[in-house]
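Reminder that position 86 of the sequence shown reads as 695 in the working numbering, one-by-one numbering, no gaps. Note that CB positions come from ideal geometry on N, CA and C, so glycine has one too.
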Amino acid sequence: MTTIARTFRQIDAALTIAALDGAGFRVFAPHFHIHGTTPHFAIAYGGIAIQVPDSEAPEAVAFLHALNTPVPDNEAPLPAPPAGYRRGWSYSLRQILFFLMGGSSPPAGLFLRALLRTGDYAHNEL
Numbered sequence: 610m611t612t613i614a615r616t617f618r619q620i621d622a623a624l625t626i627a628a629l630d631g632a633g634f635r636v637f638a639p640h641f642h643i644h645g646t647t648p649h650f651a652i653a654y655g656g657i658a659i660q661v662p663d664s665e666a667p668e669a670v671a672f673l674h675a676l677n678t679p680v681p682d683n684e685a686p687l688p689a690p691p692a693g694y695r696r697g698w699s700y701s702l703r704q705i706l707f708f709l710m711g712g713s714s715p716p717a718g719l720f721l722r723a724l725l726r727t728g729d730y731a732h733n734e735l
């Protein structure tokens, strides 16, 4: 088995598993359900590893990279905030309290394994 991606949130893992499974890959996600019961230990557990058989790893990584590639659109950019816009004192207070309490949430998103030029994938190194 080769780890092709790692995520710290169960929803990201579920979407990745569903996409890979729908594309015909055999997907394994050890510790998926542990994160459902104790999500606050996600960083300590090392995240949820998304694994596929060694023979399917290059195609699965290429598939996930293709899914994460943004499609350019012709829409106009979002408008800038009005002149003089400020977030206010409550935003600053929340930021200060967050840093004083020392809490940190796991990073969001899917961390994909980089495509190697040689096509050689080391086992479970992510």
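| request: Tell me, please, which residues DSSP counts as bridged to residue 651. | output: BP columns for residue 651 are empty, so no partner.
Own chain, CB closer than 8 Å to residue 660, minus 5 neighbours either side, in chain order:
610, 611, 612, 613, 636, 637, 638, 639, 733
*Rounded C-beta distance between residue 634 and residue 669? I'm assuming under 8 Å.*
5 Å
Expressed to the nearest angstrom, what Euclidean distance is found between the alpha-carbon atoms of residue 702 and residue 708? 10 Å
message: Assuming contact is defined by CB atoms lying nearer than 9 Å, are residue 673 and residue 719 in contact in what I supplied?
response: yes
(message) Ignoring anything shorter than 3 residues, give me the beta strand (DSSP E) runs that lie fully in the segment 620-672, in order along the chain.
(response) 657-661
**Prompt:** If you run the structure through DSSP and keep just helix, strand and coil, what is residue 617?
**Reply:** coil
query = residue 710 lies in the alpha helix (DSSP H); which residues open and close that run?
reply = 698-710
* To do: Report the rounded CA-to-CA distance for residue 631 versus residue 697, giving the unit in angstroms.
  => 45 Å
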